[in-house]
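J.: Going left to right, the sequence shown walks through residues 8 to 354 as the numbering used here numbers them.
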Amino acid sequence: MANIIEMTTKRVRAEDKRIINNKAVDVNQLVPIKYTWAWQYYLDACANHWMPQEVSMQRDIEQWKSPNGFTDDERRVITRNLGFFSTADTLVANNLVLVIYKYITAPECRQYLLRQSFEEAIHTHAYQYIPQSLGMDESELFNMYREIPSIHAKDEFEARLTVDLLRPDFETESFRGRQQLLDNLIGYTVIMEGLFFYTAFVMLLSFGRQNRLPGACEQIQYILRDESMHLNFGLELINALIQENPDIWTPECQAGIIEKVRHGVELEAKYGEDCLPNGLLGLTHDMLREYVQHIADRRLERIGLPKQYGSGNPFPWMSEMIDLGKEKNFFETRVTEYQTGGTLSWD
Ligand code: FE
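#1: Per DSSP, what kind of secondary structure is Leu312 in: helix, strand or coil?
#2: Taking a cut-off of 6 Å, which residues have a beta-carbon closer than that to any heavy atom of ligand 1, in chain order?
#3: Rounded to the nearest angstrom, what separates Tyr278 and Ala207 at their Cα positions?
#4: In chain order, what residues of the same chain lie with their CB nearer than 8 Å to the CB of Glu180, ignoring the 5 residues before and after it?
#5: Ile111 bridges to which residues according to DSSP?
#6: Assign Leu288 to one of three DSSP states: helix, strand, or coil.
#7: So, using beta-carbon positions, are Ala276 and Leu295 closer together than 8 Å?
#8: Cα separation between Pro114 and Tyr152?
#9: For a minimum of 4 consecutive residues, which ranges assigned as the alpha helix (DSSP H) are wholly contained in the region 235-309?
#10: Starting from Asn191, trace the alpha helix (DSSP H) both ways and give me its first and last residue.
#11: Where do the N-terminal and C-terminal ends of the alpha helix (DSSP H) with Asn101 fall, by residue?
#12: Can you check the region 135-220 for any alpha helix (DSSP H) of at least 4 residues that lies completely inside it and give the ranges in chain order?
#13: Measure the Cβ-Cβ separation of Leu312 and Ile264 and say whether it is below 8 Å.
#14: When the Cα of Phe322 is compared with those of Tyr229, Leu290, Phe203, which residue comes out closest?
#15: Distance, Cα to Cα, Asp79 vs Ile155?
#16: What does a CB cutoff of less than 8 Å around Ser124 pick up in its chain, not counting 5 residues either side in sequence?
#17: How long is the line joining the alpha carbons of Gln315 and Met8, rounded to whole angstroms?
#18: Could you tell me whether the Cβ atoms of Leu89 and Ile137 are closer together than 8 Å?
#19: If you count every other CB in all the chains shown that lies within 10 Å of the CB of Thr94, and 16 or more means buried, which is it?
#20: How close, in whole Å, do the beta carbons of Ala166 and Leu98 come, if the pair is a contact with beta carbons under 8 Å?
#21: Given this structure, state the Cα-to-Cα distance separating Leu189 from Pro39, to the nearest angstrom.
#22: Leaving aside the five residues before and after Val62 along the sequence, list all residues of the same chain whose C-beta is less than 6 Å from its C-beta, in chain order.
#23: From the DSSP output, in three-state form, read off Leu121 for me.
#24: Please return the same chain residues whose Cβ sits closer than 8 Å to the Cβ of Gln118, not counting the five positions on each side in sequence.
#25: Quick one: what's got a C-beta closer than 8 Å to Ser73's C-beta in the same chain, skipping five residues either side?
#26: Does DSSP put Val106 in a helix, in a strand, or in coil?
#27: Figure out for me which residue from Ser140, Ile193, Asp304 has the closest Cα to the Cα of Arg66.
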């Protein structure tokens, strides 16, 4: 019987590694590292480790249970965004593990994808921990992607990108297959994590800025920090894929990507109208539309495509939210020490 692992004295050379379709070497050797940026993302992501249950929800519970704590409009925007998120990270995780991991053949990129997959699980955990702590109707939240049209439309758009690549005849050797993988990466990185997530972060973090729902918002802040790394890693991956496969980056392909991003902006603007029919906390759905257009331009420029809107940023405070370190966040909660090998207890 032929070996699965080829026995050879021919060693892996960094220059032979490829983002996809790694033919020269197998996918098991992290070193020699070629994509040093991917390894750095992995190290940085591990340094940001956190868990939802470390964050106290006590003040959130008092505020949420108080009859005058929140208006109906405020409760609507909070529930809807938690509902969107409760299944969004699962969609991302499934696509990551079932599609992207399979076809990305650089081991140092896979190393980060494994870390990212765990982070998506932690985020889903947070979106279960927050509603459970507040005594919300969890099944209402976890079913919103099937019951609320503005959430369904976004998730349907994303889920379609996954299903196409789960077909048994899908491969990344052909021109068409490589373009489809690129489409999938952009659909999830730029549109899902890069647009849909960010406007939802704005709505939820607006409460945290007023010291309302501080525990939930501290978790959202950690999630935002993780997601900004998922976005930046994904953009690097997309650019590296295009660089190694310049033939797929045709004018038609670029036009198709711009079209999809514009469609994503429309879906998000509609979602904003649905969440914020009347406006609150200085937020209106027009501002959300402006914001999603602003960040869409920035994401497009990062992959070498022309900006489409020229809109301003109505929420400059969002960049501070991303940059804050764990030890010094604006809620001044405690810093958690992690167990290391020397302090693990086994009983
Ligand atoms: Fe993510």
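Glycine included, C-beta positions come from ideal geometry on N, C-alpha and C.
These numbers were taken from a predicted model, which means no experiment stands behind them.
T.: Checking against the coordinates, here is how it stands:
#1: For Leu312, the three-state secondary structure derived from DSSP is coil.
#2: Val99, Glu127, Glu200, Glu234, His237
#3: 9 Å
#4: Asn28
#5: Ile27
#6: coil
#7: yes
#8: 34 Å
#9: 258-282, 292-309
#10: From DSSP, the alpha helix (DSSP H) with Asn191 extends over 182-193.
#11: 79-102
#12: Contiguous alpha helix (DSSP H) elements confined to the region 135-220 occur at 145-149, 151-154, 156-173, 182-193, 204-215, taking only those with 4 or more residues.
#13: yes
#14: Leu290
#15: Going from the Cα of Asp79 to the Cα of Ile155 covers about 17 Å.
#16: Cβ within range, chain order: Ala100, Leu103, Val104, Tyr108.
#17: 57 Å
#18: yes
#19: buried
#20: 6 Å
#21: 26 Å
#22: Gly222, Glu225, Gln226
#23: helix
#24: Leu37, Ala45, Trp46, Tyr49
#25: none
#26: helix
#27: Ser140
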